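Residue numbers (the numbering used here): 218 to 349. Structure record follows, encoded as C-alpha cells.
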C-alpha cells in the first residue's frame, strides 16, 4: 500500500453540510476501492491565483490516502464527475517520507559517531607538512 495526498478545491459557495457530504462520499469511495483514508483536513477558503469556473476563491480540502493506484484512479474519477469540485491534484508521497526517514537516521548516525582525533603538530615542523 502506498500513500497519496490529494488536494481538492471546492466551490466556495457550497454550504458546510454539503462539504461534509462530499468528504463522507469520498471516504466511502476510497474504502470501497480497498484503500484507507488516514486524514482529511479542511484547509479553509483561500483566494485563487486565477479564476476557475468563474470563481476567485475556493475551499481547500486535503486527503491523505493509503491504497493502490486503482484506488486513486477511482477517487479521481469520482472527483471529475462531481460539479462541486473545481480542481484536484493527487501526489504519491511515500517515497519522500522514506527518503526523509533515511536522512534522519543517517544524521543521527553521524551525530553519534566520535569525532576523529587530529594528529598533533610537532613543534618545529611546518603545518603544511603535517597535513599531507
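The beta-carbon is built from N, C-alpha and C at its ideal position, and this holds for glycine as well. No experiment lies behind these values; they were computed from the predicted model shown.
**Request:** State the Cα-Cα distance for the pair residue 351 and residue 237, rounded to the nearest angstrom.
**Result:** Missing from the structure shown is residue 351; the chain here goes from 218 to 349 and no further.
**Message:** Can you tell me whether residue 349 is helix, strand or coil according to DSSP?
**Reply:** Along the chain shown, one-based indexing puts residue 349 at 132. Only weak support exists for where residue 349 lies, its pLDDT of 49 falling under 50; the coordinates are left without a value.
**Prompt:** Quick one: what's residue 280 bridged to in DSSP?
**Reply:** Taking the first residue of the chain shown as 1, we reach residue 280 at position 63. Listed as beta-bridge partners of residue 280 by DSSP are 223 and 257.
**Prompt:** Just to check, is the beta-carbon of residue 304 closer than 6 Å to a non-hydrogen atom of the ligand ADP?
**Reply:** You won't find the ligand ADP in this model; it holds no ligand whatsoever.
**Message:** Quick check: the Cα distance between residue 217 and residue 321, rounded to an integer number of angstroms?
**Reply:** In the structure as shown, the chain starts at 218 and stops at 349, and residue 217 therefore has no counterpart that could be examined.
**Asked** So residue 239 is in the alpha helix (DSSP H); what residue range does that whole segment cover?
**Response** By 1-based counting over the chain shown, the position of residue 239 is 22. Per DSSP, residue 239 belongs to the alpha helix (DSSP H) from 233-249.
**Prompt:** What's the C-alpha gap between residue 230 and residue 302?
**Reply:** Here the question's residue 230 lines up with position 13 in the chain shown. Here the question's residue 302 lines up with position 85 in the chain shown. Straight-line measurement puts the Cα of residue 302 at about 12 Å from the Cα of residue 230.
**Message:** I'd like the span of the beta strand (DSSP E) that includes residue 309, first residue to last.
**Reply:** Here the question's residue 309 lines up with position 92 in the chain shown. Per DSSP, residue 309 belongs to the beta strand (DSSP E) from 302-309.
**Prompt:** In its own chain, which residues sit with a C-beta less than 7 Å from the C-beta of residue 349, not counting the 5 before and 5 after it?
**Reply:** Along the chain shown, one-based indexing puts residue 349 at 132. Any answer about residue 349 is weak, because its pLDDT of 49 lies below 50 and its placement is not dependable; what the coordinates show is given next. In its chain, beyond the 5 residues on either side, no residue has a beta carbon closer than 7 Å to the beta carbon of residue 349.
**Nearest residue (CA-CA) to residue 278, options 257, 324 and 249** = For the purposes of this step, residue 278 is identified with residue 61 of the chain shown, where counting begins at 1. That would be 257, whose Cα lies nearest to the Cα of residue 278.
**Request:** Could you name the residues of the same chain whose beta carbon sits closer than 8 Å to that of residue 304, not counting the 5 residues immediately before and after it, in chain order?
**Result:** Mapped onto the chain shown, residue 304 falls at position 87. If we look at residue 304 and ignore the five residues flanking it on each side, its Cβ neighbours are 225, 226, 269 and 275.
**Prompt:** Straight-line CA distance for residue 255 to residue 247?
**Reply:** In the chain shown, residue 255 corresponds to position 38, counting from 1. In the chain shown, residue 247 corresponds to position 30, counting from 1. If you take the alpha carbons of residue 255 and residue 247, they lie about 11 Å apart.
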